[in-house]
Amino acid sequence: MNRLPALSLLLAFVTILTAMVVPAAAVEPYRVGPSDRLSIRVIDWQDAEATVNRWSAVSGEYAVGPDGAIAFPFMPPMAAIGKTPVDLAKELRSGLRLSLGLSNPPDVTVEIVNFGAVYVTGEVSQPGAYPFSPRLTVLQSISLAGGLRRGDGATATGRDLITLQGTYNVLREQRVRLLVRRARLDALINGSGEMVAPAGLEAASVADLVAAEAAELKVQMQQADNRIATYAAQESLIDATLEALEQKRLSTTAQLEQMRAQLEKIQGLVDSGLAVETRASTTQTAIADLESRLLDLETAKLRAQQDRSNAALARTGVSSEQFLLASRERRQVDSDLSDLEQRLTTQLQLIGEAATLDELPESEFGAIAYRYMVTRAGAELAVGQNDVVQPGDVVTVSISTAEATL
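Okay, so the sequence shown: first residue is 45 according to our numbering, each after it adds one.
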């Protein structure tokens, strides 16, 4: 049996699979759409307990309404459509500060839980609405719809390869994202603040991901540095207070010693009948007042020392807290990567089996070709397999009589 067609197909498929790793174009930061669902987390740092406090009453999932706004507690409806999650988080933080009159507002994080759907129709196995994910391509959306529709009595190997290829690329994209995220977490854990791009990845293909994670790393490091600087400033202020209290204590102690010596002399004069008793009583009252002031100074000094100890403990706890949170998230990323590696291995085995079949029908590569159209905001656009779709897009696959290309 002649296996040259299968070998040629395998070589062509490997070439196509390699080329698809590089994205077709740079992707702009994602902006919230009308059918998105957001996860909003609000936390603040409790200095006294040196712990992170989660605002569970307001943290949770929020749907973007038909009017493009979200209903968030303590403030009027806030417009969300067209804003990036980072911009929306800043506005929520500012809104909480104004509505609650906070001098130090909490940290707010906004993440996309569910994106708007992508609709796939035409010559696909399972037309319908499918969840959107960032950088989703036309080919990957077709894969979500079960691949190209199989013709009656025709061999479906070529279509299976496209479906397997699309699924593989979706998994590969998820793996790349996790690797870049892990690089950011490693920079947090080792405290270097310098993110190193994962080895083995094409620099151009992950430039946007690396830039986004590096920006988040910079913000996290800056927040930690600001908190450390705040506690250090508190320590310096308390040190100055302790120095002033110590000077007052020394001065009061010297006055007390002088008054005691004076009382001893006056008491001798009183005993000799050379001074009246009232003079001794007045001196004793002054001594009692100085002793009370000295006790107050000692108490204030102890309180200041305790405040300084708390500030120092909070300052050193910033790095420990950052390390613990980053380590916990990294363990989850490692677990997700392990699962993806197994799924990628299985997918490659399926691709290899499909690519080594003896022959494919000529119509797959000659008389029949597939045409891809995207309907977006009322306009219909001709697209290629590697073009990126957006939430709300309608992807239409149709058959053309022109020469087919993969």
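Idealized CB from N, CA, C, for every residue including glycine.
Note that the coordinates shown come from a computational prediction; the quantities given were computed from them, not determined experimentally.
How would you call residue i, buried or exposed, if buried means at least 16 neighbouring beta carbons within 10 angstroms?
i: PHE176; result: buried
i: ALA284; result: exposed
i: LEU229; result: buried
i: ALA453; result: Here the chain comprises residues numbered 45 to 450, so residue 453 is not present and cannot be evaluated.
i: GLN209; result: buried
i: THR329; result: exposed
i: PRO129; result: buried
Cutting at 7 Å between CB atoms, please list the residues of its own chain near residue i, excluding the five before and the five after it.
i: ASP91; result: ALA358
i: GLN170; result: ALA189 and GLY190
i: LEU146; result: LEU140
i: MET119; result: GLY139 and SER143
i: ILE282; result: ALA348, ASP351, ARG352 and ALA355
If I measure Cβ to Cβ from residue i and keep anything under 8 Å in the same chain, skipping five residues before and after, which residues do I get?
i: GLU321; result: VAL314
i: GLU238; result: ALA231
i: VAL168; result: ILE186, ALA189, GLY190, GLY191, LEU192, ARG193 and VAL441
i: ALA279; result: In the sequence on display, residue 279 carries Glu and not Ala. Excluding sequence neighbours, GLU279 sits near ARG352, ALA355, ALA356 and ARG359.
For residue i, verify whether its CB is less than 7 Å away from any heavy atom of the ligand HEM.
i: GLY312; result: Annotation note on the ligand HEM: not contained in the displayed structure, which lists no ligands.
Would you mind stating whether residue i and residue j have Cβ atoms separated by less than 8 Å?
i: VAL224; j: LEU253; result: yes
i: MET417; j: VAL432; result: no
i: ILE114; j: LEU82; result: yes
i: ALA324; j: LEU307; result: yes
i: LYS127; j: ARG75; result: yes
i: ALA241; j: ALA259; result: no
i: THR165; j: THR440; result: yes
i: LEU289; j: ALA344; result: yes
i: TYR212; j: ILE84; result: no
i: ALA161; j: SER100; result: no
i: ALA268; j: GLN366; result: yes
i: ILE233; j: ALA355; result: no
i: ASP88; j: ASN97; result: yes
i: PRO435; j: GLY77; result: yes
i: ARG293; j: GLU342; result: yes
i: LEU180; j: VAL220; result: no
Provide the residue span of the beta strand (DSSP E) that contains residue i, from first to last.
i: ARG98; result: 95-98
i: ASN158; result: 151-158
i: VAL427; result: 423-427
In three-state terms, what does DSSP make of residue i?
i: TYR163; result: strand
i: PRO175; result: strand
i: SER185; result: helix
i: LEU82; result: strand
i: ILE125; result: coil
i: VAL65; result: Interpretation of VAL65 is limited by its pLDDT of 40, a score under 50 that renders its predicted location unreliable; the figure taken from the coordinates is listed afterwards. Three-state DSSP puts VAL65 in coil, outside helix and strand.
i: PRO147; result: What sits at residue 147 in the sequence shown is Ser, not Pro. It is coil, neither helix nor strand.
i: TYR74; result: coil
What are the boundary residues of the alpha helix (DSSP H) that residue i is part of?
i: GLU105; result: Note, GLU105: premise wrong, no alpha helix (DSSP H); beta strand (DSSP E) at 104-107.
i: LEU142; result: 129-144
i: GLU257; result: 251-315
Can you list, in chain order, the residues of its chain with a C-beta nearer than 6 Å to that of residue i? Leave out the 5 residues immediately preceding and following it.
i: VAL438; result: TYR163 and THR419
i: SER301; result: For clarity, residue 301 is Glu in the given sequence; the question names Ser instead. Excluding sequence neighbours, GLU301 sits near nothing in its chain.
i: VAL102; result: VAL86 and PRO117
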